[in-house]
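*Asks:* Could you have a look at this structure, given as structure tokens, before my questions?
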Amino acid sequence: MSYLEIILPFGIPPTPLARELVKQMKTHSLAMLLGHARQDSKHNFDEFARLLPHEHWLSRHFNSSKSILNSPALTHSRMHAFNLQNPEGYWFTLSPVHIHIARDHMVMTDPRRLDISTEESRALFEAAKEICEELGKTLVYGDAKTWFLRADEWAALQTASLDAAAGHNMEIWIAKGEHEVAWRKLQNEIQMLWHIHPVNQSRDEQGRNTINSVWLHSGSAELHHLDCELNTSSFAELMQKKDRKNSVYVEDLLEPALNSDWGTWLIHMNQLEHNWFAPALQALQSKQLKTVRLVLSDGLCLAELSCTAPQSWKFWRKPSLDTLLKLAQSSQ
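According to the UniProt record's numbering, numbering within the sequence shown proceeds without interruption in unit steps and concludes at 332.
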């Protein structure tokens, strides 16, 4: 392998805390890579885009329009992962979620932090499935947090990804388009049924967040294959592959960043030094790799940087994380 690409969502620290976080980062290898890296591109995104910068980057190879008005068309890919092979029609991912009132609007909690057992999910799924069937829709179970809804006539709906919508005003991010009224009707009926469902009554008694709504996103008409490993391989496993180019998507920083848990973000960043940055630098220095490419993002910005073999390095450049500071400042 001569080329390694690491996609790291929220590898850019938040502007107000960037200087303090960078000061506490123990990532010498990352500093070495960034100190000798060339910035290939940088893109700023609208704060009301319906997908995050890294999601746009991941989906751009099969989304020729490069739309920021819709969540990535990944439902068929998710269904494929559950061995639901090539289903006909237009399918959405339907995610059970928790919403709460924040001042004068409704906010969705990050679904990663929503604990839901298989038994609870199955019971709520069966209740929702009956409503969907009454309205002529097919609902299929994937796992506790991932269901699939066929709605061919809703193909033009503009939906927001879970990560783009989490923590924000739901009214802004909810699906828009010609059939949005029909979608809201389905959503409302599920919400009303679940409000009195024994699963939620039990959760409420236990002081746990109820599963009180569903989120529609990631509509697709066909299977798309991602061209990167989704956090499933270690560095050593990647290096054993014979492919000339390998890309890996590492989402360790995503959950803490979406929940403004910057202490955990810092812990994970320092772990990435051991798991990815140090091995990548060593492979570059030993000529096992010719190029290491970093794709870093936050909620509004995405930057692509590349670092080539040491013989091309400028000797006066020193290890530095200043690039992260500059990217944080420029993404405001």
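Yeah, the Cβ is synthetic: ideal placement off N, Cα and C, and Gly gets one too.
In the DSSP assignment, the alpha helix (DSSP H) including K129 goes from what residue to what residue?
*Replies:* Where K129 is concerned, the enclosing alpha helix (DSSP H) stretches over T118 to E134.
*Asks:* Who are the near neighbours of N169 in its chain, counting only those whose CB is closer than 6 Å to its CB and skipping five residues on each side?
*Replies:* Excluding residues within five positions, the ones whose Cβ falls inside 6 Å are H105.
*Asks:* Rounded to the nearest angstrom, what separates R122 and L216 at their Cα positions?
*Replies:* Spanning the two alpha carbons is a distance of roughly 18 Å.
*Asks:* Quick check on L8: buried or exposed, where buried means 16 or more other Cβ atoms within 10 Å of its Cβ?
*Replies:* Classification of L8: buried, given that the 10 Å Cβ count is 16 or more.
*Asks:* The alpha helix (DSSP H) spanning P198 covers which residue range?
*Replies:* P198 to E205 is the extent of the alpha helix (DSSP H) around P198.
*Asks:* Could you tell me which residues DSSP pairs with M106 in its beta bridges?
*Replies:* Note: M106 sits in a beta bridge opposite I101.
*Asks:* Over what stretch of residues does the beta strand (DSSP E) that includes D40 continue unbroken?
*Replies:* Counting along the chain, the beta strand (DSSP E) containing D40 begins and ends at R38 to N44.
*Asks:* Which same chain residues, not among the five before or five after K221, have their C-beta less than 6 Å away from its C-beta?
*Replies:* According to the sequence provided, residue 221 is Ala. The question's Lys does not apply to it. The residues are Y90.
*Asks:* Name the DSSP beta bridge partners of D143, please?
*Replies:* Beta-bridge pairing links D143 to T146.
*Asks:* Rounded to whole angstroms, what's the CA-CA distance from Q285 to D204? Just pull it up for me.
*Replies:* Those two C-alpha atoms are separated by around 56 Å.
*Asks:* Give the range of the beta strand (DSSP E) segment to which M246 is assigned.
*Replies:* The sequence given here places Asn at residue 246; Met does not occur at that position. Counting along the chain, the beta strand (DSSP E) containing N246 begins and ends at K245 to Y249.
*Asks:* Should the stretch 9-29 be called in touch with the stretch 261-271, which here means at least 3 C-beta pairs below 8 Å?
*Replies:* These segments touch.
*Asks:* Excluding sequence positions up to five away, which residues of its chain have a Cβ less than 8 Å from the Cβ of V199?
*Replies:* Here the set comprises E120, A123, L124 and I211.
*Asks:* Out of S117, L305 and W154, state which residue places its alpha-carbon closest to the alpha-carbon of V181.
*Replies:* Cα-wise, what sits closest to V181 is W154.
*Asks:* Round the Cβ separation of E20 and D110 to the nearest angstrom and send it over; I've been treating them as touching at under 8 Å.
*Replies:* Contact flag wrong, Cβ pair sits at about 23 Å.
*Asks:* With DSSP as the reference, identify every bridge partner of S213, one or two as the case may be.
*Replies:* Per DSSP, V97.
*Asks:* Only counting the same chain, and skipping five residues up and downstream in sequence, which positions put a Cβ closer than 7 Å to that of G35?
*Replies:* Once the five neighbours on either side are set aside, the close Cβ partners of G35 are R317, K318, P319 and S320.
*Asks:* Of the choices Q187, K287, I196 and Q206, whose alpha-carbon is the least far from that of P96?
*Replies:* It is Q187.
*Asks:* Any idea if H225 is buried or exposed, counting beta-carbon neighbours within 10 angstroms, 16 or more meaning buried?
*Replies:* Under this definition H225 is an exposed residue.
*Asks:* What does a CB cutoff of less than 6 Å around T323 pick up in its chain, not counting 5 residues either side in sequence?
*Replies:* Around T323: L34.
*Asks:* Assuming S234 contacts R38 under a Cβ cut-off of 8 Å, what Cβ separation, rounded to an integer in Å, is found between them?
*Replies:* In fact, because the Cβ distance is near 27 Å, the residues do not count as touching under 8 Å.
*Asks:* Any heavy atom of the ligand HEM closer than 7 Å to the beta-carbon of A18?
*Replies:* Although the ligand HEM was asked about, the structure shown includes no ligands whatsoever.
*Asks:* Spell out a yes or no on whether the stretch 138-157 and the stretch 170-178 are touching, meaning 3 or more CB-CB pairs, one atom from each, closer than 8 Å.
*Replies:* They touch, by the three-pair rule.
*Asks:* With a CB to CB cut of under 6 Å and the five nearest residues on each side skipped, what residues in its chain are close to A328?
*Replies:* The answer, listed in chain order, is I12, P13, T15 and A18.
*Asks:* Could you tell me the boundaries of the beta strand (DSSP E) in which R293 lies?
*Replies:* It spans T291 to S297 - the beta strand (DSSP E) in which R293 sits, taken as one unbroken run.
*Asks:* Buried or exposed: H274, going by 16 or more other Cβ atoms within 10 Å of its Cβ?
*Replies:* So H274 ends up on the exposed side.
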